[in-house]
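See below for the structure under consideration.
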Amino acid sequence: MNYLTRRLVTFPLVMLGVSILVFVSIRLVPGDAITAMLGTEAGLLTPDQRAALEAYFGIDQGWLVQYGRWLAGALQGDLGISVTYGKPVLDVILERFPLTLELALLSMAIALLVGLPAGVFAATRNERSSDLVVRILAMIGQSTPNFVVGLLIIFVLSVGFGVLPVMGTFTPFFENPLQNLGQMILPAITLGFAFAASVTRISRSAMLDVLSEDYVRTARSKGVPALGVIWRHALPNALIPVVTLSGVEFGYLLGGAVIVEQIFALPGLGRMVLDAILQRDYALVQGSVLFIALNFMIVNLIVDLTYALLDPRIRLGDR
Amino acid sequence: MGLPFFQTGAARRIASGVALAAMLGAATLTAPVAAATLRMAWSQDATGLDPHKQTAFSSIRLLELIYEPLVRLDSDLTIIPALAQSWEFAEDGKTLTFKLDPDAKFQNGEKVTSADVKASFERLMAEETGAAARANFLSIASIDTPDETTAVFNLSQPDVPILTAMTSINAAVVPASEIASGGIGTKAIGSGPFKLESWEPNAKEVLSANKDWAGGTVSVDGIDISVLPDETAILAALRTKQVDFALINDPLVATLVPNEASLTLDRTPVLNYHVLQLNPSRSPMTELGVRQAISCAIDRQDVLDTALLGEGKVAGPLTMPAYATDPAELFCYERDVEKAKQLLADAGHAEGFSATVIAATGEPPTAAAEAQVIQSQLAEIGIKLDIKMMELNVYIDTWLKGDFDMAVALNGGRADPYSMYNRYWTKDGNLQKVANYIDDTLDDLMQKGRVETDPAKRKEIFAAFEKHLAEMSPWVWLYTSYIYTAQQQNVDGFVATPTGSLFGLSAVTIK
Amino acid sequence: MTPLLSVRDLHVGFGRDPAAHEIVRGVSFDLDAGETLAIVGESGSGKSVTALSINRLIDFGGGRITRGAIDLRRADGGVIDLAAAPERALTKIRGGEIGMIFQEPMTSLNPVLTIGEQIEESFRLHRGLTGRQATAAAKDALDRVRIPDAARRLKYTPHQLSGGMLQRVMIATALSCNPRLLIADEPTTALDVTVQAQIMALLAELKRETGMAMIFITHDIGLVAGIADKVMVMQAGEAVEQGALDAVLDTPQHPYTRHLLGAVPHFEAGRAARSDYRRPEPPVAPPALTVEGLTVRFPVTGGLLRRRTGNVHAVDGVDFDLMPGETLAIVGESGSGKSTTARAILGLVQPTRGAFAANANTRESGNRAPVQMVFQNPYASLNPRLRVDSILAEPVIAAGGRLSAETTARMTMLLERVGLPLDSLQRYPHEFSGGQRQRLCIARALMLNPSVVVLDEAVSALDVSVQAKVLELLVDLQKEFGLAYLFVSHDMAVVERIAHRIAVLYAGQIVEIGDARSVLSAPRHSYTKQLIAAVPSIDRRHETFALDLRQVPSLIRPLGFEPEEAAWQRFGADHLARAEG
Amino acid sequence: MSLLRAILAHPSGRIGGVIVGVYLLIALLGLLGMTPHDPLMQFRVDRLHAPDAVYWMGTDLFGRDVASRLMLGISQSFVVAFASVALAATAGTVLGLAAAWFGKGWDGLIMRVMDVLLAFPAILLALLIIAVVGPGTWTSVAAIAIVYTPIFTRVVRGPALSLKTRDFVDAARTFGSSRHYILTRHLMLNLVAPLTVQVTLALAWALLTEAGLSFLGLGTQPPASSLGLMLSDSRNLIEMAPWLLIFPGLAIMIGILGFNLLGDALRDILDPKMRRAAA
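Protein chains in written order, with the numbering used here: chain A, 894 to 1212; chain B, 10 to 520; chain C, -15 to 565; chain D, 776 to 1054.
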């Protein structure tokens, strides 16, 4: 597909841009790996000691040399070694990624399972009281910061009910799916809350648009019953904005949900990058931001492919 | 005080709890098996495994469970044996001899020998290691190893505090073989009570008991440490019995622990001190009167009551019980706004001035609150403070450069006054640039204290030092706080030390 | 015997208080089986609302039947009042007993479902057919509307077919379950005139085959002559006149019917052509506009590297000239290149080749913009966020002028000339009706006193009676300012009223050009003949059209392709036609 | 004025308009210092005082009046939200217009740069900016603005591209109108509607983002107050002083609700496509 190849060609360009941006910005931040490791004690180092440590962390060269070295490695798939983890950056990322992916998938599933039917329902009840209730709920969902939702969930469950999923020791899905889901469900709900609200709102307005289209009138004129009109004729046409929104949100979620990961103590990408920034683990910050950006672009690509799947005009057109 | 605003009847609470647990899946209930593994949580993880390089409290707490120094401090800050069974200063104070525990073994099975001690200290002293603690050991001229269990430190000058410095895990003895192979920092092979089985930074550690530990018998099978970055989550985990033992930093969270009948909160006063650092090289803090005015204008107890909910003790510069003076005897520890105004006016700043105070975000958790109370208190004498919060590393960078008017800080304390303060208040102290204050009296007292071996005389010297320091007010010392450990009823035997060490976990039992 | 459909005192309203906002106010009519009723009216007359009320689709458009009855005799002989029927009963009737087709075939089919799926659905719903049976039935339905290669087309999605084809698919769908009543709501308005003729022919043929009744809604009274048995004329929600076709067309009673029949342009095969101008021979003045060998090609790219694989020959070697005071109409169907020609002359498209020269109006000096344009859609060609004074001032400012008293004076003069109130200057476009907006566009085009005005489908978007008035205005302005018009249109009836000369464009080339009366009354080129034959007329009653399934040739040519040099045949003083091979 | 009337006639516009209006009033009062108490005054004897007649919404850890701080917080949050959205909208408009108008290479370049910003995890971008410059009101503004610029660029570029092909732009070209005239009169004026809608919705998002940044300690700095900072400061005090969470929480929710309702109404009013659906 022509359009696809053009998108693929811009991939490396954008990635290069991202890598330069992250490289420069992380180095503009005061403090380095040495102060991150030694804290105020770093002041006790003699100049020779400091030089030795800079060489150890690979920050003794100029930026350009560092970037060149890093880029050369990255092109060969070597993102460098994380100083905090003492492991190749890619290994560290790939250890954290499954959780982030699962969390993103679960939140999206919740958002779509709740938001889509709610939005469609509201659209068919346009301007009636049930529509208003759904809309108000959706707006409240959209206007509550997710840390408030997360903290309230934890608080209500632990104080009010005395139960809480195991926090801290995270169980991978394939080790014990039940326990894993038990751990993931609350963060997923926290993230899915606002996500579902957005899906509700966008699917409602898209459905309203579609329901006023000529072909819906045609379907009705053929005697298609109300449910058939909604699910078979209208919904597939209303999905594109929903896919767009879900794609963007999902893409962001793949970058890690810093706040929710922090509250629920999940070892995901978001916290990893946050910690990497705080600990000045340059290689890890660079590698993971690049990884996240790549994911984001792949998700966008998938979204575009989904458009083609949904809409034959895009599938067969020579866009 | 606690008023849980979702109060429910006990019966309903249990019933709904069960229902909810079922809903969330059986997995959410904590394992009922009385495992002998201690489940523990903390909010800040270690940042590395090299005992000679890591200086953050969070790293030291972990490494103290794995590595051992030659000597360590007990809960009264008395020096007690660790790897060394005994030690002795020579008459001239220039030779220090250690006798090692012949049973001590590293976790790789090798015996701990005097060669390891020599190699460890040589590594520590080498510039390319980049060990911050090197500054404390500059007086070591050479190390002799007459036999496997004897290590002799030859000092270039009498140095009493060096023994206290050796209690730090930053002076841990590591296997010479690991030094040679370059494995320090990537693996953790110590001689301590626990072995590090796995470490996932910022997520969790798994420790197992070291059966061969020469220092005693560890009664738990191991420790699973979870990193829960949000301390409210730690509290929630304690409430739902997911963890047996937790370390808490934030007094706001800690004070909630006793509300839960099944939990015990232990608070131990620590040597670390909360302080408002002034920069005496910056006008108008160059004026003694201005600094003293600030000291007089601050109501230390009020800051403590507000920012830490009273969780701490107003303290002078010397926080170790053996040397501490009653704060009431120190300069202006009773707030005196009138005097402050007078001092300020005498210094030519009757109408006050503006300054910026820096503080680190979340380190300590109470920093922002302290800054705000101080801001409000100083406003009363016309000093307008501008608070600048900084991410920790940015703060450290700024702090090390001495690039601030004032700084809210939580600085580390030591069991020995000299080790604690020589870096700031001697003329060639490594952090003299941070303190930015040169005072012959302080320098002189420091040097005297360093070489004096008679405890009573030392105490006298440092009492004079403390009094002078408080009066000169280069900094405004506020108070010391607590380290908090919370534990379930089934945990027993933990003893905390004022250094904040969790070494006491080696003696913990689980019922 | 009761009629198939009997509508009594139908009232339909909209909004929160439907009774207070009635769009249809007391319409009654009867329709027998096999009969065709044409409902004629302009926009806002309530004709579509009436149609949508019959199968109660109006419920979904925010309307409510406030009064009246719609009695339908069902297949089993029972009578149901559709106005009061529950939705459940209605879904059985819609598609099963009443079929419907709509104005816009391009938007009336679901873009994400294949043609086959959409036709099969009707069989599934009303006949209970599934799987292979339904597919076979769908294929038969497509065959029935004369779609070639039906089996393959079933797998197409709507965007792969042309408008005319889609309207056939719509008809196939609507008729799939042999409804006894078909409602056709302006089914040909969006289509080209030759396609319209074919759809009309198809509908007539199918009606004969099935014996169904039909309600045909249109704004074009000329169109109904060929198909209707009865006519109902609607105005402002009321049926002002109804009766048998001939009676209504020949002896209209109501003034509005007379207006529709008289004042509105109807095609009269050249008889109504203008006779107020004749080309002086030899020419006394240089032409206002000369176009020579105008060629516009758009690249077609393909493959991974987006290499140029061919060209769309949108306009291919067009020559003509236009004298001051003269109107040249360029007619053609969609895709013929007529709009591209106009746009190229205005510099909106870059011509590949060719030259054109415009001469300034000789009567006044200081003229810097000899050619101006009026666009088709008056709603789109005025910036909705600008006030009328800014809109009219724009050409002056663009030409480097300033908002002087002189400019304002010209604005007021032109507003008055195009028949708009003087306070218009302080108003925004949305405060005007479509016809008024087109007058604004004309005034704007005249601000710089051009010698040539290009009118691109300038009256096509307007209601029929408004069309007539704007055409009158154009003729008056032409005389007053000595304007030359290049009038681009697909509507032969309109062209007849305004053109002095006509150029017929087909596939990017002029196939016939000459004096309007001559071209319209005696077309020479086969395409022109076909085009003129397809134009509906009130004179051609109960006429059947032959179905013609030819497709317009593709305009995509390989790289390097050049059309043959045209050979022209002369018919009379001013009438040329391209020789056909 | 007719827009105001249209908003008030629209059911959700009325609610949203009233909420936003009341908040603007509160923000103004907050900025003018017309609060029940001094929002910075620490009544330390009344620390963590439950709501009563004196302290309508209770006091915080320092004994500051929550109601007064809430007013200050609303004004602070509004300043951050309005300033960042204004910056992002301006930058996005310029870039989007440039991309749409110049097309080809410029379009490619601008949109690729926007892709870079979009692909860069937003909160991390904000974090890095804040880490470099240091946290504070104006840094939050800059960070949020940079995160939103690509979104506005897209919002402007799409309609600008389609406006570029509209008849009235074609008409302007036939007159020979200058680029400047076409850009300002024909494109910009018609972009006001989609921009207004997007701005209103972005304001809601900016309030949320500010709250998120404050939670990570990167937003507004003490002792100033913002809704997000109040919320995040309350997190460890939920049990002791629930009013510290409840009031700012409600304030932020209702505020965002107001912006969202107003945005929806504006979309209905300004977007002719929706007007058709509503008719």
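No residue lacks a Cβ here, since even glycine has one placed at the ideal position from N, Cα and C.
Any chain D beta carbon closer than 8 Å to residue i
| i | result |
| --- | --- |
| Gly371 (chain B) | yes |
| Tyr1108 (chain A) | no |
| Val1013 (chain A) | no |
| Gln553 (chain C) | no |
| Asn351 (chain C) | Legend: pLDDT at Asn351 (chain C) = 46, less than 50; position of this residue unreliable, value from coordinates given subsequently. It does not; no Cβ of chain D falls within 8 Å. |
| Ala378 (chain B) | yes |
| Val217 (chain C) | no |
| Tyr1145 (chain A) | yes |
Residue i - partner residues in DSSP beta bridges
| i | result |
| --- | --- |
| Ile497 (chain C) | C:Ala487 and C:Leu560 |
| Ser473 (chain C) | C:Val315 |
| Met415 (chain B) | B:Leu287 and B:Val366 |
Interface flag, residue i vs chain B, CB-CB below 8 Å
| i | result |
| --- | --- |
| Ile1047 (chain A) | yes |
| Leu799 (chain D) | no |
Classification of residue i by the beta-carbon crowding that lies within 10 angstroms, buried from 16 upward
| i | result |
| --- | --- |
| Gln63 (chain B) | buried |
| Glu338 (chain B) | exposed |
| Arg467 (chain B) | buried |
| Phe251 (chain C) | buried |
| Val42 (chain B) | Note that Val42 (chain B) scores 43 on pLDDT, short of 50, meaning its location in the model is unreliable and no value can be drawn from it. |
| Ser259 (chain C) | exposed |
| Asp447 (chain C) | buried |
| Leu807 (chain D) | exposed |
Range covered by the alpha helix (DSSP H) that runs through residue i
| i | result |
| --- | --- |
| Thr914 (chain D) | Thr912 to Lys939 |
| Gln94 (chain B) | Careful: Gln94 (chain B) lies outside any alpha helix (DSSP H), inside the beta strand (DSSP E) at Ala93 to Phe98. |
| Gly883 (chain D) | Lys879 to Ala894 |
| Met397 (chain C) | Ala389 to Arg401 |
Residue i: contacting residues in chain C (beta-carbon distance under 8 Å)
| i | result |
| --- | --- |
| Arg1206 (chain A) | Pro95, Thr141 and His143 |
Any chain C beta carbon closer than 8 Å to residue i
| i | result |
| --- | --- |
| Ala875 (chain D) | no |
| Leu1045 (chain D) | no |
| Leu1057 (chain A) | no |
| Ala1112 (chain A) | yes |
Limits of the unbroken beta strand (DSSP E) element including residue i
| i | result |
| --- | --- |
| Pro260 (chain B) | Not the beta strand (DSSP E): Pro260 (chain B) falls in the alpha helix (DSSP H), residues Pro260 to Ala263. |
| Leu306 (chain C) | Arg291 to Leu306 |
Short CB-CB distance (under 8 Å) between residue i and chain A
| i | result |
| --- | --- |
| Asn162 (chain C) | no |
| Leu56 (chain C) | no |
| Ala479 (chain B) | no |
Contact set between residue i and chain B, taken where Cβ atoms lie within less than 7 Å
| i | result |
| --- | --- |
| Thr1093 (chain A) | None at all; the shortest Cβ gap to chain B is about 24 Å. |
| Glu934 (chain A) | Thr64 and Ala141 |
| Gly979 (chain A) | Thr195 |
Where residue i meets chain D, residues with beta-carbon distance less than 9 Å
| i | result |
| --- | --- |
| Lys397 (chain B) | Gly909, Pro910, Gly911 and Gln996 |
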